[in-house]
Amino acid sequence: MNPEENQLVRFDWAIKNLLRDKANFDVLEGFLTAILSQEVKIVNLLESESNQSDEDKKFNRVDILVRDEKQRYLIIEVQNYHVSAYLERILFGVSKLIADTIKPGNDYSEVSKVISISILYFNLGLGKDYVYHGTTDFRGLHYDESFTSRRLIEPSAENKTFETVHTKDIFPEYYLINVELFTDAIKNDLDEWIYLLKHSAVRPDFKAKHIDSAREKLALLKMTPEQRRSYDQYLMEIVNDKDIIQTALNKGLKQGREEGSQNAKLEIAQKMRETGVDIETIVSLTGLSPEMIEPAGAWEL
C-alpha cells in the first residue's frame, strides 16, 4: 500500500457502526452512484432482521438496507467467507424484502424495485471478472424484442396518462463484486471504490464522487477510543472465525486423505490375498493389521 494513503476502517465494520449515521450517508451515496452509474440520494435506512447493530458472526456477513429518493430498496451485503447456496440466499432475501414491504390489500403497482449488491471476499464463481450484473429481461422467442407494456398513471377522465414499463424497471437487479479478483487497475469510479473495499485505503489521485468523504470519515485516526476498541475486537473475531474455518477444512482434508489411503491399502491387500500372498507379507508391505486383512468383511470397502 502506498504510504501516502490514509488507512481506513473495513467497509463491513463501517456499514454497521459509522454509515448508519445520516451525516455519513454521502459515503454510501458515492459508492451506490459509482456502481449504478446514476445519482443516488438516500432517504432513510430501514431496520430489518439482518440490519441490526450486532455483527452477524454466524454467517460472517454484515449488510444494510436503504431506500433512495426513487423509492427503490438497496441491499448492500458484505460476505467475508464462502457459504453454500449463496445465490439462492440472496434470491430469498430479495423476495422476502418485497413481500415484507407491501402492505396486505395494497395494489401490486406499489411493489418497489429492489437492488441487491453483494461485496464478496471470496471467488463465488468460475469467471475472471470481478463485477457481475444480473437483471430480468423478457424477450420474444420469434422476434427477439424486449417486452414492454403501458401502465395508466393518471386515471382521470379528462387526462389519461400512460407510462411505458420495462421488465428491468420492475424486477430485482443483482450485483456481485468479487473483491479478491480485482487487480488494482483503475479504469473508472467504481474501480476506485473497489480498491477501497480491497485495501481499506484511498489513493491521493482518486476522484470518484464522495470518495474524499470516505477518506475523511472512515479514517482510523478519526475513531474515538471506544470505536477503536470495538473495531479491534471485530478484527480479532474475523481472524478467529477464519482460523476456525481453516482448521475445520484442514481436518476434513486430512481425514479424507487418511480414509482414501486406508481404502487403497485394503484394495491392494485384497488383490495380494487373491493371488496367494501370505498374510505376514501383506502386513509387512501395507502396514495393515492381520485382523483387517483376514476377515471377509475386510474386502467390503
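When the count follows the numbering used here, it moves up by one through the sequence shown with no breaks and lands on 321 for the last residue.
Virtual Cβ for every residue (Gly too), placed ideally from N, Cα, C.
- Task: Can you tell me which of the three DSSP states isoleucine 35 falls into?
- Result: helix
- Task: Return helix, strand or coil for glutamine 99, following the three-state DSSP convention.
- Result: strand
- Item | Residue range of the unbroken alpha helix (DSSP H) whose run includes glutamate 236 | 231-237
- Message: Going by C-alpha to C-alpha distance, which of Leu66, Val98 and Lys61 sits closest to alanine 34?
- Response: Per the Cα distances, Val98.
- Query: Taking the alpha-carbon positions, what's the leucine 201 to proline 224 distance?
  - Reply: Rounded to the nearest whole angstrom, the CA to CA distance from leucine 201 to proline 224 is 23 Å.
- Same chain, Cβ closer than 6 Å to leucine 56, five either side skipped, listed in chain order: So no residue of the chain qualifies.
- Whole-angstrom distance between tyrosine 194 and asparagine 26, CA atom to CA atom: 31 Å
- Which runs of the beta strand (DSSP E) spanning at least 3 residues fall entirely within the segment 169-252, listed in chain order? 181-186 and 193-198
- Message: Below 8 Å on the Cβ atoms is my contact criterion, and I expect leucine 48 with valine 86 to pass it. Report the Cβ-Cβ distance as a whole number of Å.
- Response: 7 Å
- Taking 7 Å as the cut-off, decide whether the C-beta atoms of alanine 54 and aspartate 149 are in contact. With respect to aspartate 149, alanine 54 sits apart: the two C-beta atoms are not nearer than 7 Å.
- Item | isoleucine 62 - partner residues in DSSP beta bridges | Partner residues in the beta bridge of isoleucine 62, as assigned by DSSP, are Asp88.
- List the whole-angstrom C-beta distance separating lysine 229 from glycine 50, where the pair is believed to meet the contact cut-off of C-beta under 8 Å. Contact check for lysine 229 and glycine 50: beta-carbon distance about 5 Å, within the 8 Å limit, so the pair qualifies.
- Less than 7 Å separating the beta-carbons of serine 132 and tyrosine 93? yes
- Can you name the start and end residues of the beta strand (DSSP E) that valine 151 belongs to? Residues 151-154.
- Specify the secondary structure class of aspartate 157 as computed by DSSP and reduced to three states. If DSSP states are grouped into helix, strand and coil, aspartate 157 belongs with coil.
- Between the C-alpha atoms of histidine 162 and serine 115, what's the straight-line distance to the nearest angstrom? Their Cα atoms are separated by approximately 30 Å.
- Start and end residues, beta strand (DSSP E) containing serine 136: 134-140
- Task: Starting from serine 115, follow the alpha helix (DSSP H) in both directions and report where the run begins and ends.
- Result: From DSSP, the alpha helix (DSSP H) with serine 115 extends over 106-121.
- Query: Any idea what DSSP makes of tyrosine 128, helix, strand or coil?
  - Reply: helix
- Message: Does any residue of chain B have a CB that is nearer than 7 Å to the CB of serine 136?
- Response: Within the model displayed, chain B is absent; a lone protein chain is all it includes.
- Query: Going by DSSP, what residues sit across from valine 82 in a beta bridge?
  - Reply: Val98
- Opposing strand residues paired with glutamine 27 [DSSP bridges]: Ala221
- Message: In this structure, how does DSSP classify tyrosine 254 when only helix, strand and coil are distinguished?
- Response: helix
- Task: Leaving out five residues on either side along the sequence, give the residues of the same chain with a beta carbon under 6 Å from the beta carbon of isoleucine 197.
- Result: Ile139 and Val151
- Neighbourhood of threonine 306 by C-beta, 7 Å cutoff - its chain only, sequence neighbours within 5 removed: Lys285, Ile288 and Ala289
- Item | Cβ-Cβ distance between isoleucine 231 and glutamate 246 below 7 Å | Cβ distance not < 7 Å, so isoleucine 231 and glutamate 246 don't count as in contact.
- Query: Between the C-alpha atoms of glutamine 91 and aspartate 32, what's the straight-line distance to the nearest angstrom?
  - Reply: 24 Å
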